[in-house]
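A quick write-up on the structure given underneath.
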Amino acid sequence: MAQLARVSIFRDLEPDDLARLQVSARIWDYEESEIVMHEGDRLPSQLYALVEGYLQIVKTAASGKETIVRPILAGEIFAAPAMFGDGIAPATVRCEANSQVLTVERDCLLDTIRHNPEVALRTLEAFNQRLQQLHNTVHGLISERAIVRLVRLIQYYAACYGTDRVAEGERLRVKLPYYQMARSIGITYEECVRLCGTMKGIISYRRGGTIAIADFQALDAIARNASVR
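Just so you know, we're using numbering that gives the first Met the number 0 here: the sequence shown kicks off at 0 and counts up by one.
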């Protein structure tokens, strides 16, 4: 039951609720670079959650170009269509580190929800946040300049996953390498490096994707200048 309690929507549940979930819960071990699911896979009717490790959601265009949609950190749920949609994986989920994925059968989850409706509210809230992020991403690709998209991406990860105070400012808890940022906002690696360079004094970047924000107000000012590129 300890692994179930690490999932965000199950935290603070009573032992009886966790026991109901444990009946159909299963842990799957994956190694770094292994694929959890491919885009287009038919998924069983169950809830997916990451209890340990680090995953990335990626989409591949017909041209072969890969776009990084977002990371999945420990405690998060993912693959909404398996529970509420057509059962088809909308994107590929890839391990960026050795990971453990927990699954719970849909019927068992619904039984828990009947006893504790709060679980349903937490689940809907989590997936609603993903839809809002997707909407913002699509809107940005259409209407915003590349540097604004980059700033909004950094702000999103700072707000969603938090920061830690360091000498350089507020360091993001999630690493954002150049290639990941570039693929997330639809620009080249070289353009991403150049844009980060123009924000020297506002953010700092260290090898491997460690980003620290030195001036939040300056970052906000760039984000507000969201005219079409």
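A virtual CB, placed ideally from N, CA and C, is assigned to each residue, including glycine. All of these numbers come straight from a predicted model, not from anything done at the bench.
Residue burial classification, residue i (beta-carbon count within 10 angstroms, cutoff 16)
| i | result |
| --- | --- |
| Arg193 | exposed |
| Val103 | buried |
| Leu20 | buried |
| Ile76 | buried |
| Ser32 | exposed |
| Gln128 | exposed |
| Leu54 | buried |
| Leu109 | exposed |
| Val6 | buried |
| Gln45 | buried |
| Asp163 | exposed |
| Ala158 | exposed |
| Asp16 | buried |
| Arg205 | exposed |
| Arg223 | exposed |
| Gln179 | buried |
| Arg148 | buried |
| Arg93 | buried |
Same chain only: Cβ atoms within 8 Å of residue i, ignoring 5 sequence neighbours per side
| i | result |
| --- | --- |
| Thr209 | Arg170, Leu171, Lys174 |
| Gln99 | Gln2, Ile26, Trp27, Asp28, Tyr29, Leu49, Val50, Glu51, Gly52 |
| Thr187 | Ala181 |
| Ala96 | Glu31, Gly52, Tyr53 |
| Arg234 | Past the edges of the chain, shown from 0 to 228, lies residue 234, and the structure says nothing about it. |
| Thr197 | Ile146 |
| Glu215 | For clarity, residue 215 is Phe in the given sequence; the question names Glu instead. Excluding positions up to five away in sequence, the list reads Glu169. |
Chain-order list of residues whose beta-carbon lies under 6 Å from that of residue i (same chain, five-residue window excluded)
| i | result |
| --- | --- |
| Leu61 | Here residue 61 is Ala; the residue named in the question, Leu, does not match the sequence. Cβ neighbours of Ala61 beyond the five flanking positions: none. |
| Leu12 | none |
| Ser226 | Low local confidence applies: a pLDDT of 45 at Ser226 is under 50, so the model's placement there is unreliable, and no value is given. |
| Cys191 | Tyr177, Met180, Ala181 |
| Ala119 | Ile112 |
Integer Cβ distance of residue i from residue j, believed to fall under 8 Å
| i | j | result |
| --- | --- | --- |
| Arg113 | Met82 | Incorrect: roughly 15 Å between the Cβ atoms, too far for contact. |
| Ala213 | Glu167 | 6 Å |
| Gly86 | Arg41 | 6 Å |
| Thr91 | Thr59 | 7 Å |
| Gly207 | Pro176 | 7 Å |
| Glu38 | Pro89 | 7 Å |
| Ile56 | Ile71 | 7 Å |
| Ala79 | Phe126 | 5 Å |
Same chain only: Cβ atoms within 7 Å of residue i, ignoring 5 sequence neighbours per side
| i | result |
| --- | --- |
| Ser23 | Val103, Glu104, Cys107 |
| Ala211 | Val165, Glu167, Gly168, Glu169, Arg170, Ile202, Ser203 |
| Gly161 | Arg172 |
| Tyr47 | Ile76, Phe77, Ala78, Ala81, Val100, Thr102 |
| Arg10 | Ala4 |
DSSP beta-bridge partners of residue i
| i | result |
| --- | --- |
| Pro70 | Gln55 |
| Met36 | Val92 |
| Asp15 | Per DSSP, none; premise fails for Asp15. |
| Leu46 | Val103 |
| Ile76 | Ala48 |
| Ile233 | Lying outside 0 to 228, the shown extent of the chain, residue 233 is not represented and no answer is given. |
| Ile8 | Partner(s): none; Ile8 has no beta bridge. |
Test: residue i CB closer than 7 Å to a CB of chain D
| i | result |
| --- | --- |
| Glu95 | Absent from the structure: chain D. Only one protein chain is present. |
(request) Could I get the ranges of all uninterrupted alpha helix (DSSP H) runs contained in the stretch 149–202, with 4 residues as the minimum, in chain order? (result) 177–184, 188–197, all fully within the stretch 149–202.
(request) Entirely within the stretch 90–121 and at least 4 residues each: give me those alpha helix (DSSP H) ranges in chain order. (result) Secondary structure in the stretch 90–121: the alpha helix (DSSP H) runs of 4 residues or longer, each lying completely within the stretch, are 105–114 in chain order.
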